[in-house]
Amino acid sequence: MCPSAEPAPAVALLDVSEDVLEQLLELALRDADADEVTPPLGTTAGWNTDRISWFREFHRAAAAGLDGPAGQKTWAISCDGQLAGSVRLKRMDTEPAAAGEGLAGVSSGAGGGGGRSADGGLAGGGGGSEAGGGGWSADGGAAGGWAVARGGGGALETGIWLARSFRGRGVGREALRLVKARAASAGAAVLVAETTAGNVGALALLKYAGAELLTGAASETQTVPVIAKIPLR
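Counting from 1, position 133 in the sequence shown corresponds to residue 230 in our numbering; the numbering is continuous, with no gaps.
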């Protein structure tokens, strides 16, 4: 008899209340690199007061949702009842978010990769998934941030980061599936994300989601940006 497959994690998206925000910050400080979650800020490496202040302000500004002044919405990712990271949607006709918010901290072993990761976040590794411009990680890929091509109606940008202990477990895949549904409900025709050529985990996650990958330049360099477009209709 073949062994049974490991059950998929129970993943949900939670609104970021003040209580959830503080829990999310504690998780990020304990189980994620600063570069996977925020843009580079302050005079010291890693987590510092500037990055922590930015983290709180970013989520508070996004509380008003896609129709609010920031033009974006963030959710905490819950896995089997525990906070695991964060994901966002952002209107592409607003000002660019902070550099480094793409697919990061998503996978479990991919390393920096220019700021994008797969199942731990879509940003990371120098970009910051929460910040802007990228930050996707996929389900075990590298961290990093990513930026998106502006323009075009009906497009939303997304970014994700996952705590290290939740990477490589399918959490990023489920979170992306849920945020795709939110984007479609908001009327978007396409979901856009950016990562880097070296972020294997993020690329695998995006391909699984049906993304078309556009490489910015023909190169073997791991930091070459890769823009992903996921059709929603």
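Just so you know, even glycine gets a beta-carbon here, dropped at the ideal spot from N, CA and C. Remember, predicted model here, so these are calculated numbers, not experimental data.
Secondary structure at residue i, three-state DSSP: helix, strand or coil?
{"i": "R185", "result": "strand"}
{"i": "G223", "result": "In this predicted model, G223 has a pLDDT of only 36, less than 50, meaning its place in the structure is not dependable; the value taken from the coordinates is given anyway. G223 falls in the coil class under three-state DSSP."}
{"i": "Q169", "result": "strand"}
{"i": "W144", "result": "coil"}
{"i": "V113", "result": "coil"}
{"i": "A129", "result": "coil"}
{"i": "A105", "result": "coil"}
{"i": "L124", "result": "helix"}
{"i": "A159", "result": "helix"}
{"i": "L329", "result": "coil"}
{"i": "L118", "result": "helix"}
Leaving out five residues before and five after residue i in sequence, what residues of the same chain have Cβ atoms less than 8 Å from its Cβ?
{"i": "I149", "result": "L122, L126"}
{"i": "K304", "result": "L310"}
{"i": "A105", "result": "G267, E271"}
Candidates the options: which alpha carbon is nearest residue i's?
{"i": "V113", "options": "S175, M189, R279, P322", "result": "S175"}
{"i": "W172", "options": "A129, W144, R279", "result": "R279"}
{"i": "K326", "options": "V297, A109, E291", "result": "E291"}
{"i": "A294", "options": "L310, D147, A281, T140", "result": "L310"}
{"i": "A283", "options": "L273, V289, T141, G251", "result": "G251"}
{"i": "L110", "options": "G168, A161, A308, L275", "result": "L275"}
{"i": "Q179", "options": "G162, A161, F263", "result": "F263"}
{"i": "A281", "options": "A167, K187, G265", "result": "K187"}
{"i": "V289", "options": "A142, L253, V321", "result": "L253"}
{"i": "A129", "options": "T312, P136, G182", "result": "G182"}
Work out the CA separation of residue j and residue i for me, nearest whole Å.
{"i": "N145", "j": "F152", "result": "11 Å"}
{"i": "L138", "j": "A131", "result": "10 Å"}
{"i": "A299", "j": "A159", "result": "24 Å"}
{"i": "V117", "j": "D177", "result": "16 Å"}
{"i": "K277", "j": "G165", "result": "20 Å"}
{"i": "E115", "j": "V287", "result": "31 Å"}
{"i": "E271", "j": "T318", "result": "29 Å"}
{"i": "V184", "j": "T255", "result": "7 Å"}
{"i": "G241", "j": "N296", "result": "With a pLDDT of 34 at G241, under the threshold of 50, the modelled position of this residue cannot be trusted, and the question is left open."}
{"i": "V323", "j": "Q120", "result": "32 Å"}
{"i": "A285", "j": "A308", "result": "15 Å"}
{"i": "R261", "j": "L124", "result": "10 Å"}
{"i": "R266", "j": "D147", "result": "31 Å"}
{"i": "Q169", "j": "T141", "result": "29 Å"}
For residue i, collect the residues of the same chain with a Cβ closer than 6 Å to its Cβ; drop the 5 residues on either side in sequence, then sort them by chain order.
{"i": "P328", "result": "V287"}
{"i": "L273", "result": "A306"}
{"i": "H156", "result": "V113, L118, T171"}
{"i": "A167", "result": "A158, A159"}
{"i": "G59", "result": "The first residue shown for the chain is 98 and the last is 330, placing residue 59 beyond what the model contains."}
- [ ] Run through the stretch 248-279 for me and flag every whole beta strand (DSSP E) of 3 or more residues, listed as ranges in chain order.
- [x] 252-259
Open item on the list: If we require 3 or more residues per run, which beta strand (DSSP E) segments fall completely within the stretch 281-320?
Closed with: 287-293, 309-312
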